[in-house]
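Engineer: In terms of my numbering, the sequence shown opens at residue 41 and continues consecutively.
Glycine residues also receive a C-beta, built at the ideal position from the N, C-alpha and C atoms.
Predicted model, so just to flag it, every value in this text is computed and none were measured.
Before anything else, here's the structure in question.
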Amino acid sequence: MPIISTSLEITVRMYFADHGPPHVLVAYKGHEALIAIWDGNVIEGSLPSRAGALGKQWCLDNRAELERNWTAAQALQPLQPIRGADND
41 MPIISTSLEI
51 TVRMYFADHG
61 PPHVLVAYKG
71 HEALIAIWDG
81 NVIEGSLPSR
91 AGALGKQWCL
101 DNRAELERNW
111 TAAQALQPLQ
121 PIRGADND
């Protein structure tokens with residue numbers, strides 16, 4: 041599963057041809073959650089509160105790039121990296 045962003049020990053991945061709704065998998069220190077691209081809300085799983093808040097804001101800040109990657113993933117095309125919350 042391709043990593044599209046990493047920062048502050050948070051890793052964001054997106055599966056190819058995954059089920060809807062459009063989402064990313066956010067991992068932080070052994071915790072994982074599926075976060076919806078549209079609104080940044082947790083669909084499944086859980087993260088510590090600070091990591092969850094960062095993941096949500098990151099999704100909202102990068103929604104257009106995430107939507108493009110989701111469309112590419114559905115077509116089994118390469119994904120583009122997205123800057124992390126620390127702008128790396």
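#1: What number of angstroms, rounded off, separates the C-alpha of Q114 from the C-alpha of F56?
#2: At 4 residues or longer, and completely inside the region 70–113: list those alpha helix (DSSP H) runs for me, N to C.
#3: Quick one: what's got a C-beta closer than 6 angstroms to A133's C-beta in the same chain, skipping five residues either side?
#4: Would you identify the three-state DSSP class for R123, choosing helix, strand or coil?
#5: Counting C-beta neighbours from all protein chains within 10 Å, is the total for K69 16 or more, i.e. buried, or is it exposed?
#6: In or out: L116 buried (at least 16 other Cβ within 10 Å) or exposed?
Structural biologist: Per the coordinate set shown:
#1: Working through the sequence shown from its first residue, we reach residue 114 at position 74. Working through the sequence shown from its first residue, we reach residue 56 at position 16. Rounded to whole angstroms, Q114 to F56 spans 6 angstroms at the Cα level.
#2: 89–101
#3: This structure does not reach residue 133, given that the chain is present from 41 up to 128, and the question cannot be answered.
#4: Within the sequence shown, numbered from 1, the residue matching residue 123 stands at position 83. In the structure shown, R123 sits in coil (DSSP, three-state: anything other than H, G, I, E or B).
#5: Stepping through the sequence shown from its first residue, residue 69 is reached at position 29. Answer is exposed; the Cβ neighbour count stays below 16.
#6: To locate residue 116, count along the sequence shown from 1; it is residue 76. Result: exposed.
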